[in-house]
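The structure appears below as structure tokens.
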Amino acid sequence: DSSYGRLEDLPTVGFGYGRRICPGLHAVRNFLWILIGRILWAFNIEFGLDDKGIKTVVDPMASTDGLATKPLPF
């Protein structure tokens, strides 16, 4: 509940539940935060340009539905 200043944990579907939960769950989450931070630090991420030099707008919801999603074709 964000009204108390706390956010809910991310879903752990890929890591299992209960007694069979992956023991590396917390290590992987920490590693991903470090990895994403390093990518943002190291690269200059910008919008792409079309043939006329205008920024292309990407719809963040343009992906397939389901548990494992992928971007729709351009």
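The letter at position 32 of the sequence shown is residue 32 when you use full-length UniProt numbering, and the numbering goes up by one with no holes.
We put the CB at the ideal spot given by N, CA and C, even for glycine.
Item to check | Beta-carbon proximity check, T12 vs L32, cutoff 8 Å | outcome: Judged by beta-carbon spacing, L32 lies beyond the 8 Å limit of T12, meaning their Cβ atoms are not closer than that value.
Checklist entry - What is the DSSP secondary structure of L67, reduced to helix, strand or coil? => result Coil.
Checklist entry - Quick one: Cα of L67 to Cα of M61, how far? => result Going from the Cα of L67 to the Cα of M61 covers about 14 Å.
Item to check | Simplified DSSP assignment, three categories, for L72 | outcome: Coil at L72, not helix or strand.
Item to check | Beta-ladder partner(s) of N55, from DSSP | outcome: The amino acid occupying residue 55 in the given sequence is Lys; Asn does not appear at that position. Bridge partners of K55: L49.
Item to check | Through-space distance from C22 to residue 76, alpha-carbon basis | outcome: Outside the modelled stretch of the chain, which goes from 1 to 74, sits residue 76, for which no answer is possible.
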